Each structure stands twice: as C-alpha cells, then as structure tokens.
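Trainee:
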Amino acid sequence: MIASIQTKNQSITRTLQDFFADLLKTGAVDAVLVPSRISESLYVKPCLITSADQMDPTVPLGPGFFVNAGPMVSRLTRTKAGATIGVWLRPCEVRAFVELTKLRQGGREEVVILSMDCPMALSRKDYEDWAAQGDEGLGDVDTWIHTVYQKPVTQVDAWPVARACQVCESPYPVNADVSVMLYGADLDKEIPVRADTEKGEKLLAALDLTDGGQEPEPRNALLANLTADRTAAFQALDEEMRVRTGSIDALNRFFSACVNCHNCRSVCPACYCKECVFNTDAVAYAPTQYLSWADKWGQVPMPNDTVFFHLTRLAHIGCTCVGCGQCTLACPSQIPVADLFISVTRNVRNAFDYVPGRDDAEPLPLSVFQESEFTDIVGMGNKEVT
Amino acid sequence: MTQTVMEPSQATPSKIPSLTGEAFEPVLIAFVCNWCTYTAADLAGTSRLSYPDNVRLVRVMCTGMVDPQYVIKAFLEGADAVLVSGCHPGDCHYINGNYKARRRILLLKQILPRFGIDAKRLRLTWIGASDGIEFAQTMTRFVKDIKEIGPCQARQQPVI
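Protein sequence lines, in the order shown, are assigned to chains A and B.
One rule links them: number in my numbering = place in the first sequence (from 1) + 428.
Number 126 in my numbering belongs to position 135 of the second sequence; there are no gaps in the numbering.
1. Which same chain residues, not among the five before or five after L67 of chain B, have their C-beta less than 6 Å away from its C-beta?
2. Can you check whether the CB of L528 of chain A is closer than 8 Å to the CB of G534 of chain A?
3. Could you give the DSSP three-state label for L48 of chain B: helix, strand or coil?
4. Does chain B have any CB closer than 8 Å to the CB of E799 of chain A?
5. Just to confirm before moving on: does the CB-CB distance between A710 of chain A and T748 of chain A stay below 8 Å?
6. Under three-state DSSP, which class holds E790 of chain A?
7. Could you name each continuous beta strand (DSSP E) segment of 3 residues or more that falls completely within the stretch 508 to 533 of chain A, going from the start of the chain to the end?
8. Looking at the secondary structure, which residues open and close the beta strand (DSSP E) in which A623 of chain A lies?
9. Could you say which of B:L48, B:Y90, B:C143 lies nearest to I108 of chain B if we only look at CA atoms?
10. For W725 of chain A versus Q101 of chain B, is the C-beta distance shorter than 8 Å?
11. Which bits of chain B does N732 of chain A rub up against, with CB to CB less than 9 Å?
12. What separation, rounded to the nearest whole angstrom, lies between the Cα atoms of D639 of chain A and Q434 of chain A?
13. In this structure, does DSSP put N437 of chain A in helix, strand or coil?
14. So, is the C-beta of I676 of chain A closer than 8 Å to a C-beta in chain B?
15. Would you kindly check if the distance between the Cβ of V472 of chain A and the Cβ of I513 of chain A is under 8 Å?
16. State the Cα-Cα distance for the pair T691 of chain A and A758 of chain A, rounded to the nearest angstrom.
17. Enumerate in chain order the residues of its own chain whose CB-to-CB distance from T443 of chain A is below 7 Å, with the five nearest sequence positions on each side excluded.
18. Going by Cα to Cα distance, which pick from A:P784, A:M808, A:F780 is closest to F802 of chain A?
19. For M56 of chain B, does the three-state DSSP call read helix, strand or coil?
20. Anything in chain B within Cβ reach of N680 of chain A, meaning under 7 Å, just list it in chain order.
21. So K64 of chain B contacts chain A; which residues on that side make the cut at Cβ distance below 7 Å?
22. Using only the alpha-carbon positions, how far apart do A431 of chain A and G81 of chain B sit?
23. Counting beta carbon pairs with one atom in the stretch 487 to 497 of chain A and one in the stretch 546 to 565 of chain A, are three or more of them shorter than 8 Å?
24. So which of B:A127, B:S121, B:R105, B:R132 has the shortest CA-CA distance to W26 of chain B?
25. Considering only their Cβ atoms, is the gap separating R518 of chain A from V595 of chain A smaller than 8 Å?
26. Report the residues of the stretch 44 to 69 of chain B with a CB closer than 9 Å to any CB of chain A, ordered along the chain.
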C-alpha cells in the first residue's frame, strides 16, 4: 500500500516531525528513535523520544550522520521491552540492524522500521562548514533535501558527499516496514510512503493514511541512474584501493598515521564481538617479545599490531560491512578506513553470494556450511579432494 | 617427528636470505587438528618418515577453532605460508568444524591476495590420522611450492 502525506508549510522537516508526533499521539508507537540536535549544537544523534512535543530539535533528513543507529536499535531490542518503538533509519542503518538480529543481538518483534531514500552524509569538516552557513547553527536542511532528491548527485552545492555515500549502491529502503520515497517526489506537495509489511500497513492505518498515493513517477529511473553512477564510482574506488594497499609495504603506508585508538571499531555497526580480542591479554606481550621482534627485523614500530587489528576486523566483518562510512568519520588521523573496507568487503562477500541486510532469512555466511561446496580450495592443487 | 622451535634471534636482518643471497628456507606455519593431522604427523614421526624442518606445527583441537586472525598474525609475523589441516569431511571429532574452517579459508583467500599475499601461500588440507605418508608428502610438496614462490614481503620488513 502506498499513501501520501501532505507537505506542510513547504517544509519536509516539519511534515516529518508532525508525522512522528502523530505516531506517538495516536499510540501507534510508544516511542520513536529519530536523529535530533543535542543542546542546539550542529551535531545530531539518534534520540529515543516518547513525548510528541519534543520534535522541534529533531532533524529527520540531513547530511549529519555521526552515529550508525543500527546498534542503538539493537540495544533497544536486546530483551523484550513491552513497548513498540518506531525507528527512523537510513538504509545502511537498517542493514546494520538486520545483520545484528542474525547474531541475536536484537530483534524486530517490537520495532517498526521506518526508512527512507537516503539524504546522504557529509564528512565532519564539510558538515561543520555546511552548518556554519545556515541560520541557528544548522545548515539549510530543506535546501539540502530539495537538492539531493532531484537528480543523482555526488555533490550538494559546494559540498561533496562522503566517499562511502558516493559508492553506496543501495541508498533506498530494503527490508523496512515503511519506506518513505523521496527520489523524484514533488516535495512541496507531498511525501509518498509505502507500507512494505503488515506491521507497516497497521502503522499507516493508525494515522488514517489510506492507499491514495503512488510512487513518484521519475523515482525508478532516478534510482537506476544513481545505481549506475555509484557502481562506476565504486569501481574507481576499488581500483584506487588496490593500488594504495596492494602490498604489505603499501598497507603499512596506508595505515601509517593510525594511532591504534580503535575508534573505527567502536563506531562500527558490524563489529559484533561483545569483548574484542584486542582488549584482552592475548595482545599484552611480554617485554622480551618486543625485543625479539626488534631483533628479528632490526626495529619494531610501537604501538604494534596496527595492520593486524585492521586485517582482523576485515576478516571478521568481511561479509557484513554495511558501507556506512562511520569508521572514516571517526578516524582522528583522517585515514580513509571505509574506502578500504568497502572495497575489500564488497568483493569478499561475492564469494559467498551474500549481501548484508538483504534478507532476514539469509544466514551469516560464516555461521553455516554445506557438505559439498568450495571443494576447489581444498588440497595441494595436485588432486581433487572433497 | 621433526619439529623445530622458532628462535626469533635466528632470523636477524642479516640472515634474511633474499638480502644475503643464501638459499631461501621458507617458514611454514601449520595449524593441525589434534585428532587427525597432528596424529598423522605423529605417525609420520614414529614411522621414521622425514619431511622438511621448515614446517612449524601448531596443534589445535579442531580446524574449526582457527580464527582468521591466527592466520593473519602468522603472515604478518613473517611466515611464508600457512597450512590449516584437519580431518576429512565427515570425520570431524566435533562433527562439522572442518566445514566451518573451509569457509574461513575461502574468506581469507579473498582478503589476503588484496595485500600482496599470494593465495597459494594459504592451504587447507584434510589429512586423516592414519595418513602419515600423506602428511610427509604434503609438507614436502608445500615447502617445495613455497621455495618456488619465494619469501613473503612481511618477512623482510616489520608490519606496523
């Protein structure tokens, strides 16, 4: 079912804020999770809101993306809460949450996932510059919205969107309960919303929204162009990464500014271990070990285990990286971590024919096996081994 | 059985073969499962079969417990090749650990070549407890293959 929400005062932000307020007022949900400004600063974070009069600071659509809310929804659904929560998520946040539910770190039972055609994100520096140009310490959100959904763009006015967004191949809702379709919509007039599940239909029905809308006519063509552009952009990124990290020496150089702060791990929505091995005594080496390493090569840079850390993370999230780009945003040394991870993982997961977030029923590749598969990688190459 | 313990001080920079022109003696790390391949190695030893002493065995309870990071660490510490070897399909002491290992090796074979570590340097084999001869042959063959490929880059320079 596709319904249509009338735009109020030509403001998409206001219209969506009222939509969330109505969800709370009608009791369709008990709480909503929406990005909101913190103490009138320019930074937004997902906020769990239960009061309909708290919508003013929320920024449902904008280029600020500093927390992937997937793990936040995981926290909210770790055990039963006895309440329904409407969660407003970017497509990569939905993907992250779906991957976490496969690890039983959260469940969909008590949430209604509302997702949207993605407004993309800016790097931290660009976001600060963008915000500085607007009124009240936040950039012109409605201009951003009107620009970003009209044609495929990698740049909105003067600001190039984050590299992770430039190569994202699915900036539209997959696996949500309600999808808000913004590409190609006449945003001054209406916002088309589609219920993708029974839960989504019930939610729209609670707001008296009926099957009167339709998908914006140019949307499919716009998405096709967008996907083609981004596939080409990904190929360029992939090529660049193969050159920049194609050897151990090159990899050393790529991560040479890394200070082992492990921020990329903290913000990664796909990093799932409850206790990371890099926080354990497994990497607390004896002093003599350092000396023997130095003896082996003539020197050992400290802190060590930098590349080891990143390659281990690559192996652990090789199939499930959702490409949200948070690792790059969080890196204090401006290492384009996401560029490398997106480039490598998008190839790795092909070997398992796996796409993160595509399907709840699709098991994690490393949690299952078949008796007769991948037999060609076994053996010394001199005979068939099954 | 021939098993040597790696002494870090044996491989001082001046002893890196490619720098000194000496014959290249690769270092192979083999993660072998307690129930099959380790037992096969034992059998090879008690049968007085010889195989190159380039191989350092690491006994694990099951190939299914070889986290990808063990393999990554071995390569970053300068191993020229890594072998993971366990029970034949259907013979796993823990029912299906070897099937899980196979997927992890596939994952690593996708990742490591991106960074210049040839996929041929990582092998997965099934060697049963009674296959002492096959164990010795496999080790000999692997060492020969790696000698042809040459030393891994991480052996010649520290990885940060």
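We put the beta carbon where it would ideally sit given N, CA and C, even for glycine.
Because the structure is a prediction, the values reported are computed rather than measured.
Mentor: So, from the listed chains and residues:
1. Result list for L67 of chain B: A145, V150, in chain order.
2. Contact: yes.
3. In this structure, L48 of chain B counts as strand in the three-state DSSP scheme.
4. Yes, its Cβ sits closer than 8 Å to a Cβ of chain B.
5. No, Cβ-Cβ distance for A710 of chain A and T748 of chain A is not below 8 Å.
6. Note: E790 of chain A maps to coil in three-state DSSP.
7. Taking only runs of at least 3 residues, the beta strand (DSSP E) segments lying wholly in the stretch 508 to 533 of chain A are 513 to 517.
8. Boundaries of the beta strand (DSSP E) around A623 of chain A: 618 to 623.
9. If you compare the alpha carbons of B:L48, B:Y90, B:C143 with that of I108 of chain B, the shortest gap goes to B:C143.
10. Not closer than 8 Å, so no.
11. Neighbours of N732 of chain A on chain B, chain order: P149, V150, I151.
12. About 14 Å.
13. Here N437 of chain A sits in coil by DSSP.
14. So yes, I676 of chain A belongs to the interface.
15. Not in contact: I513 of chain A and V472 of chain A (Cβ atoms no closer than 8 Å).
16. Rather than Thr, the amino acid found at residue 691 of chain A in this sequence is Asn. Taking the CA atoms as reference points, N691 of chain A sits about 6 Å from A758 of chain A.
17. I433, T435, K436, I619, listed in sequence order.
18. Of A:P784, A:M808, A:F780, the residue nearest in Cα terms is A:F780.
19. Reduced to three states, the DSSP call for M56 of chain B is helix.
20. Those are V150, I151, listed as they occur along chain B.
21. Those within 7 Å of K64 of chain B in chain A are F736.
22. Going by the C-alpha atoms only, they are around 54 Å apart.
23. Contact between the stretch 546 to 565 of chain A and the stretch 487 to 497 of chain A is present, because at least three Cβ pairs lie under 8 Å.
24. Taking only the C-alpha atoms, the option nearest W26 of chain B is B:S121.
25. Cβ distance not < 8 Å, so V595 of chain A and R518 of chain A don't count as in contact.
26. D58, P59, Q60, V62, I63, K64, F66, L67, E68, G69: these are the residues of the stretch 44 to 69 of chain B whose beta carbon lies less than 9 Å from some beta carbon of chain A, given in chain order.
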